[in-house]
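Residue numbers (the UniProt record's numbering): 1 to 248.
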């Protein structure tokens with residue numbers, strides 16, 4: 001199961017802690033890093049068990065689960081830019097006076113109103129989550145949808161993809177591991193890109209030539225596919241384009 005599937009299938013408690021335990025393994029829901037019971041991990045001369053080291057990984061790599069989640073695209077969080085900024089300030093323990101100065105909000109009552117709106121959003125989310133959990137118990141006809149990857153851009157009907165549809169598209173457009181054509185519906189391109197990106201190592205960084213070679217092993221027009229992988233939030237690169245890596 002890829003990181004996006006682990007992320008979206010995780011319980012609320014698992015998302016809050018940032019990792020999922022399965023047997024002897026702890027998997028970071030934010031990037032896929034794993035630790036294993038029975039192995040002692042060393043950091044700056046101090047020894048840690050697998051669970052404690054996973055906590056350290058989340059702090060050192062992602063700062064916190066909150067910071068990671070608040071940094072996701074607004075299509076994923078459902079937050080406006082203003083709400084996002086307020087939540088950051090609330091999380092940092094800023095006083096109302098500090099928030100007034102930071103945001104230019106005119107009064108403490110305005111800030112209290114924003115807090116109220118966010119609490120309403122929380123209550124609505126709880127009710128909706130409960131209804132969806134109850135629905136799962138009754139809706140035996142619901143198809144299995146492919147989870148939207150966490151860094152998806154422009155989330156819309158193109159991401160309305162079932163497992164059955166994915167399998168049909170891959171069978172139609174791939175032959176012996178090679179992509180026959182990239183001239184297809186945008187929705188199908190997302191399915192194909194998800195398959196191509198599996199060839200990249202989540203822990204590795206690549207030079208552009210290496211990225212091109214990986215893509216060419218699937219499809220000759222590596223320039224177009226590389227551009228789509230970046231545009232759809234699968235791959236990222238540093239500012240000068242010297243290094244590429246999977247978005248986590």
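Yeah, the Cβ is synthetic: ideal placement off N, Cα and C, and Gly gets one too.
Beta-bridge pairing of residue i - partner residues as DSSP gives them
| i | result |
| --- | --- |
| residue 20 | 27 |
| residue 234 | DSSP, once it has assigned bridges, lists no residue as partnering residue 234. |
| residue 36 | 25 |
| residue 174 | 179 |
| residue 244 | 206, 237 |
| residue 145 | 162 |
Residue i, buried or exposed, once every other Cβ within 10 Å from all chains shown has been counted against 16
| i | result |
| --- | --- |
| residue 152 | buried |
| residue 58 | buried |
| residue 226 | buried |
| residue 22 | exposed |
| residue 154 | exposed |
| residue 62 | buried |
| residue 128 | exposed |
| residue 116 | exposed |
| residue 53 | buried |
| residue 214 | buried |
| residue 12 | exposed |
Proximity of residue i and residue j at Cβ, strictly below 9 Å
| i | j | result |
| --- | --- | --- |
| residue 197 | residue 229 | yes |
| residue 56 | residue 48 | yes |
| residue 190 | residue 222 | no |
| residue 76 | residue 172 | no |
| residue 43 | residue 29 | no |
| residue 25 | residue 37 | yes |
| residue 31 | residue 175 | no |
| residue 5 | residue 147 | yes |
| residue 245 | residue 237 | yes |
Whole-angstrom C-beta distance between residue j and residue i, which should lie under 8 Å
| i | j | result |
| --- | --- | --- |
| residue 126 | residue 65 | At roughly 19 Å, the Cβ-Cβ gap does not stay under 8 Å, so residue 126 and residue 65 are not in contact. |
| residue 114 | residue 86 | 6 Å |
| residue 182 | residue 159 | No, residue 182 and residue 159 are not in contact; Cβ-Cβ is about 18 Å, not under 8 Å. |
Review point. In chain order, which continuous runs of the beta strand (DSSP E) of length 3 or greater are located wholly inside the region 41 to 101?
Key: 41 to 43, 46 to 48
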